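**Q**
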Amino acid sequence: MGFSDLLDRIGGLGRYQFISTSLMAISGIIMASHTIMQNFSAAVPDHHCRIPNKTIPAGNWNITMSVLDDQTLLKWHLLFLNQSQADTSELQTEPCRHGWTYNRQEFSETIVTEWDLVCDLRHLKQMSQTVFMGGVLAGALILGGLSDKFGRRKILTFSYLKLAVSGTCTAFSPSFSIFCLLRFIAGMATSGAVLSYISLILEWTPIKSRTIFGTTASVSFTIGQFVLAGISYGIRDWRTLQLVISVPFFFSFFCSWWISESARWQIIHKKSDEALKQIKRVARINGRVKEGEAITLEVLKEYMQDEVQSNKKIYTVIDLFRTPCMRRTTLCLMILWCATSFGFYGLLMDMQRFGVSVFLVQVIFGAIDFPAKAFCIFLMTFIGRRITQAVLLILPGLLVLANAFVPYGEHNCVFVISVFQGWYLPSDRFHWVIFTKQLFYTMQTGMGFGSTMARVGSMTAPMVMMLEDYLYGLPLMVYGALPVIAGIITVFLPETRNMPLPDTIEYQPIVTVWVGSMLPCQPGVVNSH
Numbered sequence: 119m120g121f122s123d124l125l126d127r128i129g130g131l132g133r134y135q136f137i138s139t140s141l142m143a144i145s146g147i148i149m150a151s152h153t154i155m156q157n158f159s160a161a162v163p164d165h166h167c168r169i170p171n172k173t174i175p176a177g178n179w180n181i182t183m184s185v186l187d188d189q190t191l192l193k194w195h196l197l198f199l200n201q202s203q204a205d206t207s208e209l210q211t212e213p214c215r216h217g218w219t220y221n222r223q224e225f226s227e228t229i230v231t232e233w234d235l236v237c238d239l240r241h242l243k244q245m246s247q248t249v250f251m252g253g254v255l256a257g258a259l260i261l262g263g264l265s266d267k268f269g270r271r272k273i274l275t276f277s278y279l280k281l282a283v284s285g286t287c288t289a290f291s292p293s294f295s296i297f298c299l300l301r302f303i304a305g306m307a308t309s310g311a312v313l314s315y316i317s318l319i320l321e322w323t324p325i326k327s328r329t330i331f332g333t334t335a336s337v338s339f340t341i342g343q344f345v346l347a348g349i350s351y352g353i354r355d356w357r358t359l360q361l362v363i364s365v366p367f368f369f370s371f372f373c374s375w376w377i378s379e380s381a382r383w384q385i386i387h388k389k390s391d392e393a394l395k396q397i398k399r400v401a402r403i404n405g406r407v408k409e410g411e412a413i414t415l416e417v418l419k420e421y422m423q424d425e426v427q428s429n430k431k432i433y434t435v436i437d438l439f440r441t442p443c444m445r446r447t448t449l450c451l452m453i454l455w456c457a458t459s460f461g462f463y464g465l466l467m468d469m470q471r472f473g474v475s476v477f478l479v480q481v482i483f484g485a486i487d488f489p490a491k492a493f494c495i496f497l498m499t500f501i502g503r504r505i506t507q508a509v510l511l512i513l514p515g516l517l518v519l520a521n522a523f524v525p526y527g528e529h530n531c532v533f534v535i536s537v538f539q540g541w542y543l544p545s546d547r548f549h550w551v552i553f554t555k556q557l558f559y560t561m562q563t564g565m566g567f568g569s570t571m572a573r574v575g576s577m578t579a580p581m582v583m584m585l586e587d588y589l590y591g592l593p594l595m596v597y598g599a600l601p602v603i604a605g606i607i608t609v610f611l612p613e614t615r616n617m618p619l620p621d622t623i624e625y626q627p628i629v630t631v632w633v634g635s636m637l638p639c640q641p642g643v644v645n646s647h
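The numbering used here puts the last residue of the sequence shown at 647; the count rises by one with no breaks.
1) Contact check, T248 vs M149 under 8 Å by CB: the rounded distance?
2) Would the region 288-297 and the region 590-604 be scored as touching if the rule is three or more Cβ pairs under 8 Å?
3) Considering only the alpha carbon of each residue, which of H387, G473, K408 and A579 lies closest to L465?
4) Am I right that A161 and V476 are in contact with their C-beta atoms under 8 Å? What's the rounded C-beta distance?
5) Do the CB positions of F367 and G461 come within less than 8 Å of each other?
6) Rank L511, Q343 and Y315 by C-alpha distance to the C-alpha of W375 and give the top, closest one.
7) Beta-carbon within less than 7 Å of A256's beta-carbon, same chain only, minus the 5 sequence neighbours each way: which residues are those?
8) Along the alpha helix (DSSP H) that carries Y315, what are the first and last residues, could you check?
9) Go through its chain and collect everything with a Cβ distance to T340's Cβ below 7 Å, but skip five positions before and after it.
10) Within the same chain, show all residues whose beta-carbon is closer than 8 Å to that of F371, passing over the 5 residues directly before and after it, in chain order.
11) Where do the ends of the beta strand (DSSP E) carrying C214 lie?
12) DSSP state of I152, grouped into three classes?
13) Give the DSSP-derived three-state secondary structure of G224 in the structure shown.
14) Apart from the five residues on each side of it in sequence, which residues of its chain come closer than 6 Å, Cβ to Cβ, to H216?
15) Going by alpha carbons, who is nearest to L313 out of A492, F493 and M142?
16) Since L656 and R271 are thought to touch, with beta carbons under 8 Å apart, how far apart are those beta carbons, to the nearest angstrom?
17) With distances taken from CA atoms, which of A412, L611, T334 and C494 is nearest R127?
18) Just the Cα atoms here: how many angstroms apart are I505 and V400?
19) Expressed to the nearest angstrom, what Euclidean distance is found between the alpha-carbon atoms of G591 and G473?
20) In whole angstroms, what separates the C-alpha of Q189 from that of M583?
21) Name the DSSP bridge partner or partners of D355?
22) I think Q507 touches T608, with their Cβ atoms under 8 Å apart; what is that distance to the nearest whole Å?
23) Provide the residue(s) that pair with C167 in DSSP beta bridges, ordered along the chain.
24) L346 and I144 - do their beta-carbons sit closer together than 8 Å?
25) Which runs of the alpha helix (DSSP H) fall wholly inside the region 364-411 and span at least 4 residues, in chain order?
26) Alpha carbon to alpha carbon, how far is T447 from P641? Give it in angstroms, no decimals.
27) Going by other Cβ atoms of all chains shown within 10 Å of its Cβ, with 16 needed for buried, is D468 buried or exposed?
28) Determine the closest residue to R573 out of F331, S459 and V435, with distance taken between C-alpha atoms.
29) How big is the Cα-Cα spacing for P213 and W455?
30) So, helix, strand or coil for S284, using DSSP?
31) Which whole-angstrom value describes the C-beta separation of F302 and F250, a residue pair presumed to lie in contact below a C-beta threshold of 8 Å?
32) Pick helix, strand or coil for M467, following the three-state DSSP scheme.
33) Please confirm whether F158 and S338 have their CB atoms less than 8 Å apart.
34) Among T139, T219, E224 and Y220, which has the Cα closest to the Cα of L478?
35) Taking the alpha-carbon of D164 as reference, which of A393, T219 and E613 has the nearest alpha-carbon?
Put into structure tokens, the structure is as follows:
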């Protein structure tokens, strides 16, 4: 018997599970807006140097783009046309001295227009998103550990309040530096909330239903893309947008007090009395009052005996590198997690380059996410995990590389290729979570380490856009090359479809390049496949 059997006894998937999951999923939808909101709050409108009154005749304000070698020069520099020169193929330029004028038809105000993050300061736009992702990484490392020590519900409540306060304060940022600091704090809170609510959902759900309920975070992110597109379409000012997606977390903060702490966590941390109260409460909400009253401390300990024993052994990151087979698996998955997240956020965080309405692009990318996940499940079920992983990395990588060689200005071609690319990358993010769980015998340690590497990839992705200053298409070459390399590395991982999963450090895969299997890892043993 285990804790899952106890959950079945008090209602399994009852009223409590649906209400608590719904409350946390709604918060997850809004949380997605904080992750990808810079597509709108940091949008770069068309702009040019502000012209002082009566400095230049109005007829000389515009020049033909053909006289410029650099397509972006017109935005960055004040151009003075010397009409006495017969040859206008080489024009003298100087920096904008009086600021910039922005086209506010699509966005009334963004952080770019407010703090003039163009020309020499244009890289600060990418840096602000990297700072947010840095906060997500810090939150995973700090709040993830605190969640194991102090409890899931406490960290969830704290993270909601932290996100509500930091997000609201961000809307009133007096400077770009304060904006970045508050975004870092919001990133930490986002990570802490996601890790905590996923744990609470899974630990209050019977094993047979965890797959469905475990996809809540992924589905919430997808729905969040639609919600953000709609809100951003109606609100074109970044401060108002920031406020609208932050204030609801005060409601989430108050609702989180209704959610029960993980009884499983309480039992493992020798808080059986408190766990018994939570179990009786959940049983009462599920309409199983008699079953709940029949559970005593002795019955509870009997159900949890096996899990308490299994949790006495604490694995660390060092254990992931202890044996040759485990070391190879860990190194391969490090690259896979980093490459997948790197490619995904490289695609998701630069939607203006498509030359199409950024609101429409956001909706399209959200819409293809649902069939993409269904496609991924089909491949995993009938083809296998390893081949699926390789396909979902190599194909989008090649599509990105193809985009890198599309001539400048061919927005329609770039957009069509990117839509196909967007079909595969969300599927890959959905797939490698399942694949990693099946490969690591220490699931929590392995998942935590892999998640950290994914956040390193998401931090790096925005900064790569700076490479476009040196060569048009260079960022896309980088975004495409890494997934292709990672897809090739997949052949060194074992196949887990219809295979027994490893539950000890000794039971690890021995793999040939084309055939993977799950066999005991012993020095000197050669795979006979």
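Beta carbons are placed, not taken as given, at the ideal position from N, Cα and C, and that holds for glycine. Just so you know, these numbers come straight off a predicted model, no measurement behind them.
**A** Based on what the coordinates show:
1) 19 Å between Cβ atoms; not a contact.
2) No, because fewer than three Cβ pairs between the region 288-297 and the region 590-604 fall closer than 8 Å, the two stretches do not touch.
3) The shortest C-alpha separation from L465 is found at A579.
4) That pair is a contact at about 6 Å.
5) No. Outside cutoff.
6) For the residues L511, Q343 and Y315, the minimum Cα distance to W375 belongs to Y315.
7) Only M306 meet the Cβ criterion.
8) F294 to E321 is the extent of the alpha helix (DSSP H) around Y315.
9) If you ignore the 5 residues before and after T340, its C-beta comes within less than 7 Å of the C-beta of G484, D487 and F488, all in its own chain and listed in chain order.
10) Within the same chain, and ignoring the five residues on either side of F371 in sequence, the residues whose Cβ sits closer than 8 Å to its Cβ are T275, Y278, L279 and A282.
11) Note, C214: premise wrong, no beta strand (DSSP E); not H, not E.
12) Checking the sequence, you will find His at residue 152 rather than Ile. The answer is helix: DSSP assigns H152 an H, G or I state.
13) Before going on, a small fix: residue 224 reads as Glu here, not Gly. E224 falls in the coil class under three-state DSSP.
14) The residues are R168 and P170.
15) Out of A492, F493 and M142, the CA that lies nearest to the CA of L313 is found in M142.
16) The requested residue 656 is not part of the displayed model; the chain covers only 119 to 647.
17) Taking R127 as reference, the option from A412, L611, T334 and C494 with the minimal CA-CA separation is A412.
18) One alpha carbon belongs to I505, the other to V400, and they sit about 42 Å apart.
19) Their backbone Cα atoms lie some 15 Å apart in a straight line.
20) Its pLDDT being 42, under 50, Q189 is placed unreliably in this model, and the coordinates cannot settle the point.
21) Beta-bridge pairing links D355 to E227.
22) With a Cβ gap of about 5 Å, Q507 and T608 count as contacting.
23) According to DSSP, C167 bridges with W218.
24) No. Outside cutoff.
25) 366-374, 381-386, 390-403 and 407-411, all fully within the region 364-411.
26) Only weak support exists for where P641 lies, its pLDDT of 34 falling under 50; the coordinates are left without a value.
27) Answer is buried; the Cβ neighbour count reaches 16.
28) Measuring from the Cα of R573, the nearest candidate turns out to be S459.
29) Cα to Cα, P213 sits roughly 42 Å from W455.
30) When DSSP states are grouped into helix, strand and coil, S284 belongs to the helix group.
31) In this structure F302 touches F250 by the C-beta definition: roughly 7 Å separates them, less than 8 Å.
32) DSSP places M467 in coil when its eight states are reduced to three.
33) Cβ distance not < 8 Å, so F158 and S338 don't count as in contact.
34) The option with the nearest alpha carbon to L478 is E224.
35) The option with the nearest alpha carbon to D164 is T219.
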